[in-house]
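1 is the number of the first residue of the sequence shown in UniProt numbering; add one for each residue after it.
Even glycine gets a Cβ: it sits at the ideal position worked out from N, Cα and C.
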Amino acid sequence: MYPQPYIKKGAIQFSVSNQFRKNYREGTGKAFKAFKFSIPHILKGKKIHEFRIIPKYNGRYFLAQFVYEIKEERVENLDKAQCLSLDLGLNNLVAAIDTNGSSFLVDGRKLKSRNQWYNKQLSKLQSLKDLHGIKRLTNKMAKLILKRTNQVNDYLKKTARLVINYCLEHKLGTLIVGVNEGWKTSINIGQVNNQNFVQIPFHALRQQLAYLCKRSGINYIEQEESYTSLASALDLDNLPEYNADNPQTYEFSGKRIKRGLYRTKDKKLVNSDINGSANIGRKSKADLFEKREVLEGLLDAPMRYFIV
């Protein structure tokens, strides 16, 4: 690697070329002598193979990426027939039910609130930028975007770890995640919610879940989820697949009566998001999600987790 870095007091430092210093000063108005950053404490003692420096926002910030060896966390006695099914959303970032009939929710309102605050602040900064005729991204805007990115990534990674720990604790060998971007983005859930749905990177959560599943020896399945929020899991409604080229109208046994509640054919009330996650499990052809004793778990109030 050139220039050759060196480590001093737990920090990596290496010089840059004169041309880089010149370009950086012309672009930002600031002097730049060398890259210097601390090695994260979680990497102490790890075998680091590579690190990368990636400029962000025209060189206002730099992202340091480390490539290092890890040991597999495979757990013995995971039952591949036992599954956890997830439905991803806004107010409930994760709604989950397993093939033992137990369910839980991961709160998403905190993340949603942060996203709304970010949109308002960015709009104010954009107005000021336009007012002063500034063409490029301002330092305040870059700082705000970086802060929002870090907060969202932290929230999603903690959520993914919570889900995987649940699977390991309960010996669940398969994770099923509902996904169908075209279906969810095509529905009208209000201007604010549509904006949140677009800006909260659900794909990043799925990627993190897939990565942790691979490390732990858990089967990871992405399941097309059309109509899973409309059908009644308890009534074993048929689950068709949405066809944008030939849209059809279907009737289901129950219906969503208000935010958070779904009423079955027998007038039983269940959590609407957990109903959706159960249908995602059913649609994946996981046999245990068709059993009555498993689906009866829908009648129990789900545990709710909050990310801090």
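Between Ile274 and Lys110, the beta carbon gap of about 20 angstroms keeps them out of contact (Cβ cut-off 8 angstroms). CA-CA distance, Leu137 to Ala204, rounds to 25 angstroms.
Following the DSSP letters along the chain, one finds Glu50 in no alpha helix (DSSP H) but inside the beta strand (DSSP E) bounded by residues 48–56. Taking 8 angstroms as the cut-off, the Cβ atoms of Gln223 and Val179 count as close. Ala95 sits away from Ser226, with the two beta carbons spaced by 8 angstroms or more. In the DSSP annotation of this structure, the continuous segment of the beta strand (DSSP E) that includes Gln65 starts and ends at 61–68. Counted as a single uninterrupted DSSP element, the beta strand (DSSP E) harbouring Tyr305 occupies residues 303–305. CA-to-CA, the gap between Leu146 and Asn246 works out to about 42 angstroms. DSSP places Thr159 inside the alpha helix (DSSP H), whose first and last residues are 139–169. In the DSSP secondary-structure assignment, Ser103 is bridged to Ile97. Around the C-beta of Phe62, fewer than 16 other C-beta atoms lie within 10 Å, and the residue is accordingly described as exposed. The beta carbon of Tyr305 sits closer than 8 angstroms to the beta carbons of Phe104, Leu105, Val106, Asp107, Leu162 from its chain, once the five residues preceding and following it are set aside; these are given in chain order. Beta-bridge pairing by DSSP links Gly178 to Gln223. Beta-bridge partners assigned by DSSP to Leu269: Arg263. Residues Tyr118 of the same chain have their beta carbon placed closer than 6 angstroms to that of Arg148, with the five preceding and five following residues left out of the count. Pairing Ile54 with Phe35 gives a Cβ-Cβ distance that is not under 8 angstroms. DSSP places Gln121 inside the alpha helix (DSSP H), whose first and last residues are 109–131. Secondary structure of Ile218 (DSSP, three-state): coil.
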